[in-house]
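Per the numbering used here, the sequence shown runs over residues 33 to 381.
Cβ coordinates follow ideal geometry from the N, Cα and C atoms, glycine included.
Notes follow once the structure below has been shown.
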Amino acid sequence: MREKMSDLNLKIDALSKTGEWLLQNDSPELEFAALKSQTENPWFTLENIRLSTKSIAEQFLKKRKLEEWLNNYSINQDLSVKSIGLIMAGNLPLVGFHDFLTVYLSGYKAQIKLSSKDQFLLPCIVEKIAAYDPGIKEQIIFVEKIKAPDAAIATGSGNSARYFEYYFRDIPHIIRKNRNSVAVLSGNETDEELLGLGDDVFQYFGLGCRSVSALFVPQNYSFKRMMELFREHWSMLNNHVKYRNNYEYNLACALMESKKLIVGDDLLLFEESSFISRIACLHYSQYQSIDEVKSILNGNDEDIQCVVSNVLSHNEVQPQLVCFGQAQQPGLMDYADGVDTMEFLLSMK
């Protein structure tokens, strides 16, 4: 069946109304799904779930934004007979929503395998979309096992990515593995920018690929003001049992190993070059010239999701560049790993 413009307009309208519903934040159904999610996965606090649904509503489901995004593509092919397998990650609430959205609007059918860590939120939202577009029930199904897909989009760890690459080797696919995000500081950041950096580091407990896990700072940078602001605005993290347990465990390990570190009330800073840091930890590297940092970023672009900075420009680094406080606010054109999912789907024969 051809994806007619009227069908696309119906979907845009359904998504826009669903976005308004998410922003109202008074749905018993959504609240129940959120409570079940928090019970099953303590990292999915109600606050973080609301943060995710609010971001989705504002960044993905505004009618004008959807129309501007889709104007970049020609969605008029006979696509609906094809089936796309979607394997969702579960590190953040609704982390795979953009993939769902892209397949839904492209016109393909979708078999969605949800993560065991995030089983309730997306089905709840799809149920709401169905109130405005009943056809979604035939187009989007949730499955325990994906069967004979025509293409696949899968997100997971480095190990699972290798498995997905093998399993889906004979069909078109997008396979995503772990990435991390970094921030490059000049030493002249305002308090507002440092508070934005706090959002980039701490939101979702730092569990996302867009969460800043490593800093590049000038030689002899003082962390004093940053740590003061982090303590003032993120002290509530100490009330989360799993986060606090990770903080105390990592602190104990560092002390036993006599590692050099900066101890904050809710964060441990280690001078290490790795982009991958543990929960409640942040790595930092000192630089002498900004060209040195550019070289590192461009040489590791396949491991970096985005770069937070006010001292770099978009034509200087290959990873996506974002402003302080915006790492967890991707837009519709901010494709994970820089791979245009809609273009991938529409290019299939």
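When the alpha-carbon of Cys241 is set against those of Ala121, Ile107, Leu378, the nearest one is in Ala121. Setting aside the 5 residues that flank it on each side, Glu52 has no residue in the same chain whose C-beta is closer than 6 angstroms to its C-beta. The distance from the Cβ of Tyr279 to that of Leu124 is about 20 angstroms, inconsistent with a contact at the 8 angstroms cut-off. In the DSSP annotation of this structure, the continuous segment of the beta strand (DSSP E) that includes Tyr316 starts and ends at 313-319. A straight-line Cα-Cα distance of about 39 angstroms links Arg310 and Asn104. A buried status is given to Asn73, since no fewer than 16 other beta-carbon atoms sit within 10 Å of its beta-carbon.
If you ignore the 5 residues before and after Trp101, its C-beta comes within less than 6 angstroms of the C-beta of Leu364, all in its own chain and listed in chain order. Just so you know, the alpha carbons of Glu225 and Gln91 end up roughly 21 angstroms apart. Across the set Glu304, Ser345, Phe152, the C-alpha of Glu304 shows the shortest separation from the C-alpha of Ala286. Taken through DSSP and simplified to helix, strand or coil, Gly122 comes out as coil. Below 8 angstroms, enough C-beta pairs join the segment 317-336 and the segment 243-253 to call them touching: three or more. The secondary-structure analysis by DSSP pairs Thr187 across a beta bridge with Arg208. In the DSSP assignment, Gly117 is bridged to Gln143, Ala184. Fewer than three pairs of CB atoms, one per stretch, sit closer than 8 angstroms, so the segment 155-172 makes no contact with the segment 182-199. Remark: C-beta atoms of Ile336 and Arg211 approach each other more closely than 8 angstroms.
Short of 7 angstroms from the beta carbon of Leu293, and not among the five residues preceding or following it, lie these beta carbons of its own chain, in chain order: Ala286, Leu300, Leu301, Phe302.
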